[in-house]
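Participant: If you scroll down you'll find the structure; I have some questions about it.
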Amino acid sequence: MFGDELKRWRLARRLSQEALSDLAQVSTRHLSCLERNIAWPSESMVLKLSRALELPLRERNSMLGVAGYAQRWHDNGEEIPTGLMPVVDRILATQAVPAYALNGKFTVLRANPLGWTMLKMLTPDAEPGMNVAEVFLSDGAHRTLILDYPAAGRGFLARLRAEAAGQGPNSPLRPIIQAAERDPIFAASEDGPASADPVLPLTIDMMGTETRWLTVLLSFGTPQDAMVEQLTIEQMLPADDATEAFLKAIAQPN
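If you count by my numbering, then the sequence shown holds residues 11 to 264, one letter each, in order.
What follows is the structure, encoded as structure tokens:
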């Protein structure tokens, strides 16, 4: 019921009833009645509480549905909306660095040629639909190629925790995180905060050359589609002149 979902989200956001009441400008008494399913919310109340809880658009749709109201935001599942696909392809095509389009599960939906080249160097069987979070945190040959692993793995896991916290209790990233936390190599980060730097440095052995990269995630501002809200473009930027020279060499082979 709505009250159960509301309480679950409030606790997930680590808010007291008083704190949420202040954020939403709702009386604590009324909020308590909503959580106990004694009172039923209006549509505007659902939206007000969803904003106060900073729910993703997909979860706002879900809260509206639980309360008996129609969805407000289009949801294309895990695929890029047809109308946005040419834009994403254009963005990727204009990048002079490896770049990928990822959904909220960290599944690779699209990539530019340099992106596929980079992925296949690390994971030879890379293909559309691969989950970079599962692959990056798994035990594979890429761990020996990433010269600053496990530090990079712990940094990526922190990024994943932050993403999952934003997505909420139903985040599809949680099973990936839980599997990684059973790996002793990540034990040092298990009790750390669910936060991460926006830039993740990587040092990778690429065909015998030590290369240094900065990975950056770019998102779409003010989305009106639940899927687009979680759509990101990941770029791998050369961190030094030697890596930039290496990138130019693989981009324009003799």
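Here a beta-carbon is modelled for each residue, glycine too, at the ideal position from N, C-alpha and C.
(1) Check this for me: beta carbons of Leu147 and Ala190, under 8 Å apart or not?
(2) Output the distance between the C-alpha atoms of Asn141 and Ala109, rounded to the nearest integer angstrom.
(3) For Ser229, list the residues DSSP reports as bridge partners.
(4) Contact defined as beta carbons within less than 8 Å: I believe Ala111 pairs with Leu228. What is the distance between those atoms, to the nearest angstrom?
(5) What three-state label does DSSP hand Glu220 in the structure shown?
(6) Does the count of Cβ pairs from the segment 237-256 and the segment 84-100 closer than 8 Å reach three?
(7) Indicate whether the contact test is met: 3 or more Cβ pairs, each with one atom in the segment 155-164 and one in the segment 91-105, closer than 8 Å.
(8) In whole angstroms, what is the alpha-carbon distance linking Ser60 and Trp126?
(9) How would you call Gly139, buried or exposed, if buried means at least 16 neighbouring beta carbons within 10 angstroms?
(10) Rounded to the nearest angstrom, what separates Leu9 and Ile187 at their Cα positions?
(11) Following the continuous alpha helix (DSSP H) through Val107, name the residue where it begins and the one where it ends.
(12) My parser needs the beta strand (DSSP E) runs of 3 or more residues fully inside the segment 38-115; what are they?
(13) Just mark Thr253 as buried or exposed, buried being the case when its beta carbon has 16 or more other beta carbons within 10 Å.
(14) For the candidate residues Arg120, Gln105, Pro194 and Pro51, whose alpha-carbon lies nearest to that of Asp14?
(15) Which whole runs of the alpha helix (DSSP H) in the segment 124-172 are 4 residues long or more, in chain order?
(16) So Leu16 packs on Glu45, CB below 8 Å; how close in whole Å?
(17) Sort Leu30, Ala255 and Leu63 by Cα distance to Gln177 and report the nearest one.
(18) Considering only the beta carbon of each residue, do Arg171 and Leu210 sit closer than 8 Å?
Facilitator: Straight from the coordinates:
(1) Contact: yes.
(2) CA-to-CA, the gap between Asn141 and Ala109 works out to about 15 Å.
(3) For Ser229, which the question treats as bridged, DSSP gives the partners Thr242.
(4) At roughly 10 Å, the Cβ-Cβ gap does not stay under 8 Å, so Ala111 and Leu228 are not in contact.
(5) Assigned with DSSP and collapsed to three states, Glu220 falls in strand.
(6) Between the segment 237-256 and the segment 84-100, the count of C-beta pairs closer than 8 Å reaches three or more; the two stretches touch.
(7) Result no; under three Cβ-Cβ pairs closer than 8 Å.
(8) Spanning the two alpha carbons is a distance of roughly 38 Å.
(9) Residue environment for Gly139: exposed (fewer than 16 other C-beta atoms within 10 angstroms of its C-beta).
(10) A query on residue 9 cannot be resolved here, the shown segment of the chain reaching from 11 to 264 and no further.
(11) Val107 -> no alpha helix (DSSP H), and no H or E assigned at all.
(12) Annotation note: the segment 38-115 contains the following uninterrupted beta strand (DSSP E) runs of length 3 or greater, listed N- to C-terminal: 109-112.
(13) With 16 or more Cβ atoms within 10 Å of its Cβ, Thr253 is classed as buried.
(14) Closest by alpha carbon: Pro51.
(15) Taking only runs of at least 4 residues, the alpha helix (DSSP H) segments lying wholly in the segment 124-172 are 142-147 and 152-155.
(16) Contact holds; Cβ gap of about 6 Å.
(17) Nearest C-alpha to Gln177: Leu63.
(18) With respect to the 8 Å criterion, Arg171 and Leu210 are not classified as neighbours on the basis of their beta carbons.
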